[in-house]
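Residues 1145 to 1466 (our numbering) are what the sequence shown spells out, left to right.
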Amino acid sequence: MSGRALVTGAAGFVGRVLCAHLESNGWEVLRCDRVEMPGIITCDVTDSAQIDRLLDASGAFTHIFHLAAIAFLPAAEREPARAMDINCTGLIRLAEALRARGSAARFLFTGTAEVYGPPLSLPITETHPLNPANPYAISKAAADLYCAYLHKAYGMETLRMRPFNHSGPGQVEAFVLSNFARQIAEIEGERRAPLMRVGNLSAARDFLHVNDVVRAYELAALHGRAGEAYNVCSGESRVIREALNLLFEMGRKTIVIDEDPARMRPVDIPDIRGSHEKLTAHTGWTPQIPFEKILEDVLNYWRETLAAESHSAGSGLSSQSK
């Protein structure tokens, strides 16, 4: 079974992977994002008029995958009002526009495990109280609660996904594993000295490959129970230092670590590990890709990306000298 899906935030890291995954499984996918790109309908979720034009021109959908968001925590800390406007109020605008049109589409909201805040116990289940500890998590918690309200008040078929950390090829370097991998690839390519600047290495996080995440979103959209929240996680936490050491083992250079206070978060939770038992019970989803494969894929992505950049730059210089 598949359907006709609207994917917001389709130009983002997870959005791109999700759209490709859905299409490979027979879905009809309409991509939208605030950025202008080929194959993507421009729509800013902070603009009600743009949402109205999109929905009026697109016809009915069976599913909405709402990924549009400020997803980088420091960006939300710098502009908390904008984060709330996009991450929460943007969702409200889209959901209310759908409701005004009598849409029966299932509405899958991609939140975050950051809504739980410092864990009271591990592993974290969906019954854990919401206690967000930063502006990004606060904006996502508000949107999560509004989705629950939409289901209770109006019977809207909302699904609240709470993904833990995830990575994979194509993720920007602002996120920890991708940042490490890019630095290593740059050192291997002699673009920088063999010194890595890092933040807090003692924190432990629950990581998934992005391909496992988008599989979870599809299965939840098809088989999840309306109104429910679902953790998307591996069920295991990995210390950041362990991840870095594994990347070093995959690398080709000896590298020195420099812990940079500027990379430390004001509030950093020591250990986060989730339970995916509920998602597994309701949809059959389980994580399939091992942690080491995540690291390998991200490192190889940056090696290939930087090599392509070097080749392109070299070709440009060559053509100018002829």
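Where a beta carbon is used, it is the ideal one built from N, C-alpha and C, also for glycine.
Pick helix, strand or coil for Arg1385, following the three-state DSSP scheme. It is helical.
Buried versus exposed, by CB contacts within 10 Å (16 or more), Leu1339: Leu1339 comes out exposed.
According to DSSP, is Ile1399 part of a helix, a strand, or is it coil? It is coil, neither helix nor strand.
According to DSSP, simplified to helix, strand and coil, what is Leu1150? Strand at Leu1150.
Taking only three categories from DSSP, how would you classify Ala1373? Strand, per DSSP.
Apply the 10 Å Cβ neighbour rule to Ser1283 and answer buried if 16 or more other Cβ atoms are within range, or exposed otherwise. Ser1283 sits buried, since 16 or more C-beta atoms from the chains shown fall within 10 Å of its C-beta.
Is Phe1209 closer than 7 Å to Ala1249 when the C-beta atoms are compared? With contacts defined as CB atoms closer than 7 Å, Ala1249 and Phe1209 fail to qualify as a contacting pair.
Drop a sphere of 10 angstroms on the beta-carbon of Phe1316, count the other beta-carbons inside from all chains shown, and report buried for 16 or more, exposed for fewer. Sequence inspection shows Val at residue 1316; the Phe mentioned does not correspond to that position. Val1316 should be labelled exposed.
Give the DSSP-derived three-state secondary structure of Arg1250 in the structure shown. For Arg1250, the secondary structure class from DSSP, reduced to helix, strand or coil, is strand.
Using DSSP with H/G/I as helix, E/B as strand and the rest coil, what is Ala1155? Secondary structure at Ala1155: coil, using DSSP grouped into helix, strand and coil.
Check the C-beta distance from Pro1279 over to Ala1227 and give it rounded, since I have them as a contact under 8 Å. Their Cβ separation, rounded to whole angstroms, is 5 Å, which keeps Pro1279 and Ala1227 in contact under 8 Å.
Given 8 Å as the limit, is there contact between the segment 1395-1402 and the segment 1348-1355, that is, 3 or more CB pairs closer than that? The segment 1395-1402 is not in contact with the segment 1348-1355.
What are the start and end residues of the beta strand (DSSP E) that includes Phe1216? According to the DSSP assignment, Phe1216 belongs to no beta strand (DSSP E), since it is labelled neither H nor E.
At which residue ranges does the segment 1304-1338 contain complete alpha helix (DSSP H) runs of 4 or more residues, listed in the order of the chain? Inside the segment 1304-1338, DSSP marks whole alpha helix (DSSP H) runs of 4 or more residues at positions 1320-1332, from first to last along the chain.
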